[in-house]
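Under this note's numbering, the first residue of the sequence shown is numbered 88, with each subsequent residue one higher. Some notes on the structure that comes next.
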Amino acid sequence: MVSLFLSNEELGKKNDDHKPTAIPPIRAPQWNASARVLPRKLVFKRVAIALALGVFVFFFVKNIPTDYPIRDHRRPVYDTGGPGGRPRPGGLGIPKSMPQFRPNPKIPPLRPKIPDPAFGPRSAPDGGYDGPLTFPHLAVSLQAIYETRGTWDVNKNVLFAASSLQSAAALLPMACQMGSELRSYVHFALMGSSDMGIEELRAVNGIDDSCQIIFHDARLDHSSSSTQTRLETGASHALFHIHAYMHPQAMLVGASIAEEGYFLDAISKKARALGIPLLQLPEGSPKRLAWMTKLDSSSLASWNKISIDILIQAPPGASGNLIRLLKSLSAADFSGGPTPHLTIELPHVVDPPTAQFLESFQWPPAGAYNPTRVRQLTLRHRIPRSSLTEEESSIRFLESFWPSDPHYSHVLVLSPHVELSPKFYHYLKYSVLEYMNSAVAVIQEWDSRLLGISLDLPSTHLNASEPFTPPSRKVSQDAIKPPPAEADDPTPFLWQAPNSNAVLYTGLKWVELHDFVSRILALQHGTTQPPPFFPHKVVSKRYPSWLEHALELSRARGYWTLYPSSKTARNLAVAHHELYKAPEEYESEVDNKADGVGEAMLATGPLLESLPNNGNLLPFNEMPLLSWDGRVTEVGEMNEDAAEYTRAFRQAVGGCEKLDAVELAPGKSVKDLFCSRDD
Numbered sequence: 088m089v090s091l092f093l094s095n096e097e098l099g100k101k102n103d104d105h106k107p108t109a110i111p112p113i114r115a116p117q118w119n120a121s122a123r124v125l126p127r128k129l130v131f132k133r134v135a136i137a138l139a140l141g142v143f144v145f146f147f148v149k150n151i152p153t154d155y156p157i158r159d160h161r162r163p164v165y166d167t168g169g170p171g172g173r174p175r176p177g178g179l180g181i182p183k184s185m186p187q188f189r190p191n192p193k194i195p196p197l198r199p200k201i202p203d204p205a206f207g208p209r210s211a212p213d214g215g216y217d218g219p220l221t222f223p224h225l226a227v228s229l230q231a232i233y234e235t236r237g238t239w240d241v242n243k244n245v246l247f248a249a250s251s252l253q254s255a256a257a258l259l260p261m262a263c264q265m266g267s268e269l270r271s272y273v274h275f276a277l278m279g280s281s282d283m284g285i286e287e288l289r290a291v292n293g294i295d296d297s298c299q300i301i302f303h304d305a306r307l308d309h310s311s312s313s314t315q316t317r318l319e320t321g322a323s324h325a326l327f328h329i330h331a332y333m334h335p336q337a338m339l340v341g342a343s344i345a346e347e348g349y350f351l352d353a354i355s356k357k358a359r360a361l362g363i364p365l366l367q368l369p370e371g372s373p374k375r376l377a378w379m380t381k382l383d384s385s386s387l388a389s390w391n392k393i394s395i396d397i398l399i400q401a402p403p404g405a406s407g408n409l410i411r412l413l414k415s416l417s418a419a420d421f422s423g424g425p426t427p428h429l430t431i432e433l434p435h436v437v438d439p440p441t442a443q444f445l446e447s448f449q450w451p452p453a454g455a456y457n458p459t460r461v462r463q464l465t466l467r468h469r470i471p472r473s474s475l476t477e478e479e480s481s482i483r484f485l486e487s488f489w490p491s492d493p494h495y496s497h498v499l500v501l502s503p504h505v506e507l508s509p510k511f512y513h514y515l516k517y518s519v520l521e522y523m524n525s526a527v528a529v530i531q532e533w534d535s536r537l538l539g540i541s542l543d544l545p546s547t548h549l550n551a552s553e554p555f556t557p558p559s560r561k562v563s564q565d566a567i568k569p570p571p572a573e574a575d576d577p578t579p580f581l582w583q584a585p586n587s588n589a590v591l592y593t594g595l596k597w598v599e600l601h602d603f604v605s606r607i608l609a610l611q612h613g614t615t616q617p618p619p620f621f622p623h624k625v626v627s628k629r630y631p632s633w634l635e636h637a638l639e640l641s642r643a644r645g646y647w648t649l650y651p652s653s654k655t656a657r658n659l660a661v662a663h664h665e666l667y668k669a670p671e672e673y674e675s676e677v678d679n680k681a682d683g684v685g686e687a688m689l690a691t692g693p694l695l696e697s698l699p700n701n702g703n704l705l706p707f708n709e710m711p712l713l714s715w716d717g718r719v720t721e722v723g724e725m726n727e728d729a730a731e732y733t734r735a736f737r738q739a740v741g742g743c744e745k746l747d748a749v750e751l752a753p754g755k756s757v758k759d760l761f762c763s764r765d766d
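Structure (structure tokens):
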């Protein structure tokens, strides 16, 4: 080891033997390292790897699929018409209250996808074109609708769509009427395989600028020669692009045989996936559903959510009245939606004519839309043989219905001596959508006061002895649309008095009525003597016992019921007082003789013609308001009366006698009317 270090002078020295010098020593270079040369095998290996990688990339790019639709992920750019987004004058003549649509925006359109010529168009086995999906005309019109707030989830856009020219011809009049109402932005999208231009389509169907329709050409390229599979896929993808730019609140399509089946299938699936309410209009809708064009986008968005049940309480010995009522129900037009569920409360002893009629009674009716073939009829037969008391009758009747969703599920209460018009269901749905689901109704909370919607016009007050005279038209200085007719013309009105002949009770108020009656009955069972607050009945015994509780709730809460004008009522329902039958709980106390009113007859004619204001439903603030006893009043006065009634009720009935004036102020629920410690 020592010899090893001695053989090398440097290794044999320590570091401290080298003294630093001011000038580094100059050493002549003894050798230079030669350049490194890679082995030949390593060079060949690297070249082979590079070639393999290049071949892989080439085949990967070559085999990228090209049959997928265009998906433009760029945010849309719109021309808002001037600095600050203010709309410019002109456009399609839309009033200043609504943003103006610019049909020819000065923006570069999205460049449609062009198939690569290297691959060429593909032909299906049947010879039809099956190439990549391309929408050459859709981008421009979609980018032009920025001012309709189509990127917002909630807006005023309503979409009509058709694939066949026959279906388009049927839908365009409805779209034109809806657009001219200026309550929504109405769009019309043409899909399918036709090669007719949009301008030609408008000219053939008489659509001019006054219709206020925004057209969208959502057809594929080579649409006239495309396969059905490509057209179906194209309709689905077109709706996807439309939804991204428009977010329609409702989509209306024709459901008649004139429309293409593949189109309806594709649109139904895609609308369900995107959450778009789809309204399939049956044949004859422009005439039968003309009232639909009066609704705004908010009402149409709730179209499929509305559910109406029908409830009939049949007293003993009323077979003639019941059969006539059921026949009128079978003749009604339910094209405005699914057929309502029907519940009939039968007495213990069922008359032979009634039993025989029910054996062959079909519900839904034969002509009603019922694709699932589900039987929507429930018959409830009472077990006790004895006659019902007031309490038993009220409980049994109110328990016959419970809303699945109180905001959208309602019940139509019918008396057996009523006969209905074929148009009654259209009026009910029109009124429910307008007064409970329209934009103005939601903002002003109209449903918070609305107890129900009556179909008939009472001839007497609730005491059944004093004749009732409908009020005259209300003349308001701040009305949106001043009434064109004279002040004494028939008008709908709001009355605090409820009804039991033919009236729809809203789901929210029906739930509240359940709670109210249950608490009243619990208090009555807990005391040996009824409270002196109810010295006598206000409602005549010619009406069912549950109507008294409905009146008490209306007075405590300031609720009202909407009644039609006399002209409209004759087109909806009539009560045959000549065949009157007293409620079972009062059968031994009330005479069944007629009240002196002659036999009533239903009127014929279109529904919209019987409505005031050119078929538009009047806002609540333009209707006369009556207190429960028939006096013309105002909302402020009714609120004061309700507050006073509530204070008296809570002290005398609700167990709140120890509360002061501030604590006795009206609350927001039925629970506030009572001071029970059990809650």
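Where a beta carbon is used, it is the ideal one built from N, C-alpha and C, also for glycine. None of the values given here were measured: they were computed from a predicted structure.
For Thr-108, which residues from the same chain have a beta carbon less than 7 Å from its beta carbon, with the 5 sequence-adjacent residues on both sides left out?
Residue confidence is low: Thr-108 scores 46 on pLDDT, short of 50, so the model does not pin down where it sits. No coordinate-derived value is stated.
From the DSSP output, read off the bridge partner residues of Gln-463.
According to DSSP, which records beta bridges pairwise, Gln-463 is partnered with nothing at all.
Completely contained alpha helix (DSSP H) runs for the stretch 233 to 321, where each covers 4 or more residues:
252 to 267 and 285 to 291
Pull the bridge partners of Thr-430 from the DSSP assignment, please.
Leu-398 and Thr-465
Straight-line Cα distance separating Thr-655 from Ile-363
34 Å
Buried or exposed, going by whether 16 or more other CB atoms sit within 10 Å of the CB of Asn-586?
buried
May I ask you to report which of helix, strand or coil DSSP gives Ser-697?
helix
Could you please give me the residues that DSSP links to Glu-506 through a beta bridge?
Val-661
Mind checking which residues open and close the alpha helix (DSSP H) that includes Ser-541?
Unbroken run through Ser-541 is the beta strand (DSSP E), 537 to 541; no alpha helix (DSSP H).
Using the Cα positions of Pro-557 and Ser-605, report the straight-line distance between them to the nearest angstrom.
34 Å
If the criterion is Cβ atoms closer than 8 Å, does the pair Leu-259 and Phe-275 meet it?
yes
Whole angstroms are fine: how far does the CA of Ala-377 sit from the CA of Val-500?
26 Å
Tell me which residue opens and which closes the alpha helix (DSSP H) that Met-338 is part of.
Where Met-338 is concerned, there is no enclosing alpha helix (DSSP H), although the beta strand (DSSP E) it sits in stretches over 337 to 341.
Residue from Gly-741, Glu-553 and Ser-502 with nearest C-alpha to Leu-608:
Gly-741
Just mark Gly-169 as buried or exposed, buried being the case when its beta carbon has 16 or more other beta carbons within 10 Å.
Residue confidence for Gly-169 is low, a pLDDT of 39 falling below 50, so the modelled location carries little weight and cannot support an answer.
Would you check if the stretch 503 to 522 and the stretch 625 to 635 touch, i.e. whether three or more CB-CB distances between them fall below 8 Å?
no
Cα-Cα separation, Met-278 to His-324
11 Å
Three-state secondary structure (DSSP) of Pro-579
coil
Drop a sphere of 10 angstroms on the beta-carbon of Ala-442, count the other beta-carbons inside from all chains shown, and report buried for 16 or more, exposed for fewer.
exposed
Check this for me: beta carbons of Ala-337 and Trp-390, under 8 Å apart or not?
yes
Backbone secondary structure at Ala-388 - three-state DSSP:
helix
Determine the extent of the beta strand (DSSP E) in which Ser-406 is found, giving its start and end residues.
Element bounds for Ser-406: not the beta strand (DSSP E) but the alpha helix (DSSP H), 406 to 417.
For Ser-481 and His-601, I'd like the C-alpha separation in whole angstroms.
10 Å
Name the DSSP beta bridge partners of Asp-497, please?
Residue identity check: residue 497 is His in the sequence provided, not Asp. Ile-395.
Beta-bridge partners of Tyr-732, as assigned by DSSP
Its beta-bridge partners do not exist; DSSP assigns none.
From the DSSP secondary-structure annotation, give me the bridge partner or partners of Gln-443.
Its beta-bridge partners do not exist; DSSP assigns none.
Report the three-state DSSP secondary structure of Thr-50 (helix, strand or coil).
Residue 50 lies beyond the stretch modelled for the chain, which goes from 88 to 766, so this question has no answer here.
Residues in its own chain within less than 6 Å of Ser-627 by CB, not counting five upstream and five downstream?
Asn-550 and Ala-551
What residues in its chain sit with their C-beta under 7 Å from that of Ala-643, if we drop five residues either side in the sequence?
Ala-729, Tyr-732, Thr-733, Phe-736 and Leu-760
Compare the beta carbon distance of Leu-507 and Ala-419 with 8 Å and say whether it is the shorter of the two.
yes
Can you tell me which of the three DSSP states Thr-817 falls into?
Residue numbering for the chain in the displayed model covers 88 to 766; residue 817 lies beyond these limits and cannot be assessed.
Whose C-beta lies closer than 7 Å to the C-beta of Ala-388 among residues of the same chain, with five residues either side of it excluded?
Gln-336, Ala-337 and Pro-364
Between which two residues does the alpha helix (DSSP H) containing Leu-704 stretch?
It is not in any alpha helix (DSSP H) - Leu-704 carries neither H nor E in the DSSP assignment.
What is the residue span of the alpha helix (DSSP H) that Leu-351 lies within?
348 to 361
Within this structure, are the beta carbons of Ala-322 and Ile-354 separated by less than 8 Å?
yes
My understanding is that Ile-328 touches Leu-229, with C-beta atoms under 8 Å, so please give their C-beta distance in whole angstroms.
Before going on, a small fix: residue 328 reads as His here, not Ile. His-328 to Leu-229, Cβ: 7 Å. Contact.
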